[in-house]
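Protein chains in written order, with our numbering: chain Y, 557 to 671; chain E, 19 to 130. Below is one structure; the comments refer to it alone.
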């Protein structure tokens with residue numbers, strides 16, 4: 557049972573336009589969500605996160621939106637740049653105790669930004 | 019700024035061989051974990067540790083052992099490698115707050 561789903565395996569956008577990556581989750585115990593970016597042959601790099609008490613978090617060109625009632629979050633990249641081309645993973649963490657170090661990942665979305 | 023260091027980067031094993039993937043972090047993080055990444059499946063948690071001497075199983079623990087004798091090190095052992103363990107392995111660490119989890123660069127393992 558996939559608790560975190562990224563239903564779009566790939567996304568292609570033009571440089572300067574907005575990239576929107578989506579993520580759905582099923583476990584209502586998740587209270588913290590993270591987005592990671594991964595280049596080939598490298599480890600995932602933390603991008604941005606959001607707590608379940610918020611509905612939006614912004615960091616430069618990156619904004620994450622959380623809709624708790626729909627169990628849906630999205631990552632917006634504006635404007636998109638060719639260097640943003642990578643695999644993006646959505647991840648979720650349950651509340652409390654030893655869950656802090658455990659993440660459940662989506663399958664990833666390959667973003668390609670064309671010049 | 020070493021962060022999370024994994025060795026080896028690449029390894030080819032024969033079925034039935036054993037090996038240890040090493041992971042070390044220099045950030046004094048309490049939490050460490052091992053994930054594997056397979057095509058189309060994202061990253062899946064193998065084992066994790068909340069501190070020295072404490073380990074627990076994740077989503078896909080079968081075929082792997084771990085121990086945590088120090089805060090810095092968290093090795094992953096394959097006792098008898100199987101082709102199904104061909105994967106990319108990532109070690110990660112975080113503080114007890116867990117708001118940011120840092121990953122190593124990965125270890126590519128092929129079992130033939």
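Just so you know, even glycine gets a beta-carbon here, dropped at the ideal spot from N, CA and C.
Check	Outcome
Residue 641 of chain Y and residue 669 of chain Y look like a contact to me (Cβ under 8 Å); what is the Cβ gap, rounded to whole Å?	5 Å
Which residue's Cα is closest to the Cα of residue 64 of chain E: E:103, E:123 and E:22?	E:103
Report the neighbours of residue 555 of chain Y on chain E: residues whose CB is nearer than 9 Å to its CB, in chain order.	This structure cannot speak to residue 555 of chain Y, because chain Y is shown only from 557 to 671.
Does the CB of residue 92 of chain E have a neighbour CB from chain Y at under 8 Å?	no
Would you be able to state if there are at least three C-beta pairs under 8 Å between the stretch 92-103 of chain E and the stretch 566-584 of chain Y?	no
Residue 102 of chain E by DSSP, collapsed to three states: which one?	helix
Can you name the residues of chain Y whose CB is closer than 7 Å to the CB of residue 85 of chain E?	Simply none; closest approach about 16 Å.
Does residue 589 of chain Y get closer than 8 Å to chain E when you measure Cβ to Cβ?	no
Let's test the definition: count the other Cβ atoms within 10 Å of the Cβ of residue 88 of chain E and tell me whether it reaches 16, buried, or not, exposed.	exposed
Reducing DSSP to helix, strand and coil, say where residue 599 of chain Y ends up.	coil
What do you reckon, are the CB atoms on residue 663 of chain Y and residue 58 of chain E nearer than 8 Å?	yes
Mind pulling the chain E residues with CB within less than 8 Å of residue 662 of chain Y?	60
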